[in-house]
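Trainee: Residue numbers (our numbering): 67 to 245. From the three backbone atoms N, C-alpha and C, an ideal C-beta is built for every residue, glycine too.
1. Tell me the rounded alpha-carbon separation between residue 75 and residue 83.
2. Compare the C-alpha of residue 141 against each of 207, 202, 101, 176 and name the closest.
3. Counting only the same chain and skipping the five closest in sequence on each side, list residues whose C-beta sits under 6 Å from that of residue 119.
4. Less than 8 Å between the beta carbons of residue 203 and residue 125, yes or no?
5. Given a threshold of 16 other Cβ atoms within 10 Å of its Cβ, counted over all protein chains shown, does residue 193 qualify as buried or as exposed?
6. Beta-carbon within less than 8 Å of residue 70's beta-carbon, same chain only, minus the 5 sequence neighbours each way: which residues are those?
7. Answer with buried or exposed for residue 201, where buried requires no fewer than 16 other C-beta atoms within 10 angstroms of its C-beta.
8. Locate the beta strand (DSSP E) running through residue 160, then write down its first and last residues.
9. Tell me the DSSP secondary structure of residue 96 in three-state form.
10. Check for me: the beta strand (DSSP E) holding residue 143 runs from which residue to which?
11. Put residue 121 into one of helix, strand or coil per three-state DSSP.
12. For the beta strand (DSSP E) that contains residue 188, what are its first and last residues?
13. Between residue 156 and residue 123, what straight-line distance do the alpha-carbon atoms span, to the nearest angstrom?
14. Grab me the residues of residue 111's own chain with a C-beta within less than 7 Å of its C-beta, minus the 5 sequence neighbours each way, in chain order.
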């Protein structure tokens, strides 16, 4: 396991990898490998605790709310209104996903961000669409010294995954520590 970089696995239950991460705001970030099978789960929540101040990113498949994959940003009002309601904003940055680990870019993901103070709990919702599930990344503020043993934690499957911990149920989120 390692930080969010080109070639890092996207999900706990797929071999999809992230591409074109270099130079993006999430390069080297701590990230949560969600389960792609949970993309239509209802109800579905992912509790993310920011131990340190920083920026929380949602990586959202550009096809969400749109019937085609023409490269436009996702339409969140259709299935993910909670993203807007919680104050996440589109950064204008995209990264890619290689679904076959064959060097191609099959889908694009838009980055949505929200600044979080230390010790903030953010409850994320469901995507409710049969596309790639969203992912979560966190970049701690550079001016905040790291005193915690972990930067974020994710709760799903009635269990908490600490940074770098793989949960026994393959469908549970795994947090991967960034640089």
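Mentor: For this structure:
1. Residue 75 sits at position 9 when you count from the first residue of the chain shown. Residue 83 sits at position 17 when you count from the first residue of the chain shown. Between residue 75 and residue 83, the C-alpha separation is close to 4 Å.
2. Counting from 1 along the chain shown, the entry for residue 141 is found at position 75. It is 176 whose Cα lies nearest to the Cα of residue 141.
3. The residue you call residue 119 lines up with position 53 of the chain shown. Taking C-beta separations shorter than 6 Å and ignoring five residues to either side along the sequence, the partners of residue 119 in its chain run 183, 184, 207, 210, following chain order.
4. Mapped onto the chain shown, residue 203 falls at position 137. Mapped onto the chain shown, residue 125 falls at position 59. Using a Cβ distance threshold of 8 Å, residue 203 and residue 125 count as a contacting pair.
5. In the chain shown, residue 193 corresponds to position 127, counting from 1. With a threshold of 16 other beta carbon atoms within 10 Å, residue 193 meets it and is buried.
6. For the purposes of this step, residue 70 is taken as residue 4 along the chain shown, with counting starting at 1. Once the five neighbours on either side are set aside, the close Cβ partners of residue 70 are 84, 87, 92, 93, 94, 95, 96, 97, 203, 242, 244.
7. For the purposes of this step, residue 201 is taken as the residue at position 135 of the chain shown. Result: buried.
8. For this step, residue 160 is matched to residue 94 along the chain shown. Run containing residue 160: 155 to 164, per the beta strand (DSSP E) assignment.
9. Taking the chain shown and counting its residues from 1, one reaches residue 96 at position 30. Reduced to three states, the DSSP call for residue 96 is strand.
10. By one-based count along the chain shown, residue 143 stands at place 77. Element bounds for residue 143: not the beta strand (DSSP E) but the alpha helix (DSSP H), 142 to 145.
11. Stepping through the chain shown from its first residue, residue 121 is reached at position 55. DSSP, reduced to helix, strand and coil, places residue 121 within a strand of the structure shown.
12. Along the chain shown, one-based indexing puts residue 188 at 122. Going by DSSP, residue 188 is part of the beta strand (DSSP E) stretching over 186 to 190.
13. Looking up residue 156 in the chain shown gives position 90. Looking up residue 123 in the chain shown gives position 57. Each residue's alpha carbon lies about 9 Å from the other.
14. Start at 1 with the first residue of the chain shown, and residue 111 comes out as number 45. The answer, listed in chain order, is 189, 190, 191.
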